[in-house]
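Numbering (the working numbering), first residue to last: 7 to 285.
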């Protein structure tokens, strides 16, 4: 039995087609003037710092437009994957939402403890010392709670899923090659999710989710050193199929990629015509 029903598949396909069309509409009419002489190009100014004289001299404007489209698509691809995850999850779980605000009255001391735990983790990683487990960090934050310093706090999750058994999943969806600062920020946010819900695992499960693995199929293939060094990698990071399996089952990842491939095949000529020839 497929993870994505025929009805949901058509819904997702339509969404991806609209997603692609929106970005195409933005880039296909973009005018990129070909340089005629060195003096002419060097007289240009750019408030965004986008002048590239040597690339512009060699590359046809049509290829530059295609490259800009590809970069724009890559930047926004995460948004499409979040929406697809939401649509798939709604077939399997009680609830699924994007941009979900977790709000609660919490202890200021415990909220600050999440920052201290992040700093402690960073220090241990920098020194090559044993790092605390993610559950130990959650426990430290929950144990720091007081009752005389409560304030209302809100932390937003990229995706929220409420499973049928009552388990709450909160995901930070990020690119698969984060820098050190992004890794440490995620630790803090995941800890605060647990604090605002007032629960440790397994009742609440907060993760840094990477929708795909740039190094291969399995988690063992993943090599990005920043994430492996500055995140509780085995406990708080899920990659590729691990994420999609939670969202919609064992074959959800493969089935979703097939939908993207289908849209790509059907739209490829139109994309080239729109970007390179202005049709």
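All C-beta atoms, glycine included, are put in the ideal place defined by N, C-alpha and C. Source: prediction; values computed, not measured.
What does the Cβ neighbour count give for residue i, buried or exposed, with the cut at 16 atoms within 10 Å?
| i | result |
| --- | --- |
| residue 61 | exposed |
| residue 101 | exposed |
| residue 167 | buried |
| residue 137 | buried |
| residue 238 | buried |
| residue 71 | buried |
| residue 135 | exposed |
| residue 54 | exposed |
| residue 45 | exposed |
Excluding five sequence neighbours on each side, which residues of the same chain lie with their C-beta closer than 7 Å to the C-beta of residue i?
| i | result |
| --- | --- |
| residue 49 | none |
| residue 147 | 116, 119, 120, 123, 197, 200 and 201 |
| residue 82 | 29 |
Measuring alpha carbon to alpha carbon, tell me which of the options ends up nearest residue i.
| i | options | result |
| --- | --- | --- |
| residue 192 | 212, 206 and 136 | 212 |
| residue 181 | 218, 206, 153 and 160 | 218 |
| residue 20 | 86, 277 and 58 | 86 |
Spatial neighbours of residue i within its chain, please: C-beta separation below 8 Å, excluding the five flanking residues on both sides.
| i | result |
| --- | --- |
| residue 17 | 93 |
| residue 208 | 173 |
| residue 229 | 221 |
| residue 127 | 137, 138, 143, 190, 193, 236 and 238 |
Is residue i near residue j, with beta carbons less than 8 Å apart?
| i | j | result |
| --- | --- | --- |
| residue 242 | residue 251 | no |
| residue 40 | residue 67 | yes |
| residue 108 | residue 156 | no |
| residue 162 | residue 214 | no |
| residue 99 | residue 169 | yes |
For residue i, which residues from the same chain have a beta carbon less than 6 Å from its beta carbon, with the 5 sequence-adjacent residues on both sides left out?
| i | result |
| --- | --- |
| residue 225 | 245 |
| residue 110 | 202 |
Segments assigned beta strand (DSSP E), at least 3 residues, entirely inside the stretch 68 to 131:
101 to 113
Can you list the beta strand (DSSP E) stretches of 3 or more residues lying completely in the stretch 203 to 237, in chain order?
210 to 216
Output the residue ranges of the beta strand (DSSP E) runs that lie fully inside the stretch 124 to 172 and measure 3 residues or longer, sorted by chain position.
156 to 168
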